[in-house]
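Trainee: To start, I am sharing the structure in question, which I have written as structure tokens.
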Amino acid sequence: MGMISEFKDFIAKGNVMDLAVGVIIGGAFSGIVTSLVGDVITPALLNPALKAAQVEDLAGLKTDGGILYGKFLAAIISFLVIAFVIFLLVKGLNGMKKKAEEAPAAPAGPSQEELLTQIRDLLKK
């Protein structure tokens, strides 16, 4: 029974739950980035090249045994977009943690000597 309760404690910890949420959101975000790269960025970069080659679509440029560098470039762009967004998220979280740590500390109370001096002065009265 000890192992089961330890496992429950492990799962209930914030780090594991945060990781699970991160993986799920990352999977969903991957689809968004794939669409952004495939449907927005790649056509914007590719259309001028197709016009210069006087071809209407990629099928006109594809040769047998050719290297599909376009897919590789799309994967690189996807990686860079995801890495940049993660960087922004981590930077924002670190900024929030830093602000929480920099919260003003409670003012320091009087020292022991000051308290004793105050007691002495009160007793003299």
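44 is the number of the first residue of the sequence shown in the numbering used here; add one for each residue after it. Beta carbons are placed, not taken as given, at the ideal position from N, Cα and C, and that holds for glycine.
#1: For Ile75, which of Met46, Glu49, Phe122, Ala151 has the nearest alpha-carbon?
#2: Starting from Pro150, trace the alpha helix (DSSP H) both ways and give me its first and last residue.
#3: Between the stretch 76-83 and the stretch 114-121, do three or more beta carbon pairs fall short of 8 Å?
#4: Can you tell me whether DSSP reads Val98 as helix, strand or coil?
#5: Compute the distance between the beta-carbons of Gly81 and Ala117, then report whether it is under 9 Å.
Mentor: In brief:
#1: Numbered from 1 along the sequence shown, position 32 holds the residue referred to as residue 75. Looking at the Cα atoms, Phe122 is the closest of the given residues.
#2: Against the sequence shown, residue 150 aligns to sequence position 107. Careful: Pro150 lies outside any alpha helix (DSSP H) and carries neither H nor E.
#3: yes
#4: As a working mapping, residue 98 is identified with position 55 in the sequence shown. Reduced to three states, the DSSP call for Val98 is coil.
#5: To locate residue 81, count along the sequence shown from 1; it is residue 38. To locate residue 117, count along the sequence shown from 1; it is residue 74. Yes, they are a contact pair.
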